[in-house]
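Residue numbers (our numbering): -15 to 241.
Using N, Cα and C, we set each Cβ at its ideal position, and we do this for glycine too.
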């Protein structure tokens, strides 16, 4: 059926849904070793970003090599990532957006400034709140380690027992979904309300889904999205990751429902 005169040809199209990835899928590895995820000259990334899974890029294009991680930032406690560090925003990191370069060993290097992350900024400035935030970081690290322990024992993701986080929470069930959506299209969410940093642009010409592009127009491939829980008790409702193959740029943004 032809579209009505003057109507956008994609007006009634829904975004293409991604594939839910369960335990055992060879394209996705849970709890990759941080030493194999982060650039060796940026070891400080390990405490800031927890690697949930790594995703095989050849699943999208047989000519692509390597793996892209899905990273869950420990920040923010409230609000948005980077909300309190505007002085350290740049072309590669701004409120609710961070970007990386993927090397030939599948390690990512952060392209923004180290002090984009609030705990790094507070510590560099010697501010008392750094102590408070470091306690939250320690709690998040303990939660993530406990989830890894449960996964190693049970083979599935579970919520933590409130008394013993190494055990699953009774009555909350088991979840074998590691990635909520692999591929497809991201569609519009509140993440798209926040402009990306200047090295990128968000093309909203398609009413069904935005397309992330480099500033020169080259498009990113939307890789995946998943929630930051139950990996930890607190996290984004959706962590979205995009990949541009020519520059091997990896971009993350976050949806908070």
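The continuous stretches of beta strand (DSSP E) do not include residue 126, which lies in the alpha helix (DSSP H) extending over residues 113 to 138. Within 10 angstroms of the beta-carbon of residue 24 lie fewer than 16 other beta-carbons, which makes it exposed. Its chain contains 34, 216 as the residues whose beta carbon lies nearer than 6 Å to that of residue 128, once the 5 sequence neighbours on both sides are disregarded; these appear in chain order. Counting along the chain, residue 58 sits inside no alpha helix (DSSP H), nor does DSSP assign it H or E at all. By the Cβ-count criterion, residue 124 is buried, with 16 or more other Cβ atoms from all chains shown falling within 10 Å of its own Cβ.
Going by DSSP, residue 32 is part of no beta strand (DSSP E) but of the alpha helix (DSSP H) stretching over 29 to 32.
Counting the other Cβ atoms within 10 Å of the Cβ of residue 83 gives 16 or more, which makes it buried. Apart from sequence neighbours up to five positions away, the residues of its chain that approach residue 185 with a beta-carbon distance below 7 Å are 197, 199, ordered along the chain.
DSSP, reduced to helix, strand and coil, places residue 38 within a strand of the structure shown. For residue 104, the CB contacts under 8 Å within the same chain, skipping 5 residues up- and downstream, are 28, 32, 98 in chain order. Taking all protein chains in view, the Cβ of residue 223 is crowded by 16 or more other Cβ atoms within 10 Å, so the residue is classified as buried. When the beta-carbon positions are compared, residue 166 and residue 43 come within less than 9 Å of each other. When secondary structure is reduced to three states using DSSP, residue 141 falls in the strand class. Excluding its 5 nearest sequence neighbours in each direction, residue 203 has C-beta neighbours in its own chain below 6 Å: 195, 197, listed in chain order. A residue is called buried when at least 16 other Cβ atoms come within 10 angstroms of its Cβ; residue 236 meets this threshold and is buried. Around the Cβ of residue 170, a 10 Å sphere holds 16 or more other Cβ atoms; the residue is buried. Under the rule that a run must span 4 or more residues, no alpha helix (DSSP H) segment is found entirely inside the stretch 144 to 218.
Secondary-structure assignment with DSSP links residue 93 through a beta bridge to 85.
Its Cα nearest to that of residue 121, the residue 218 stands out among 218, 88, 39.
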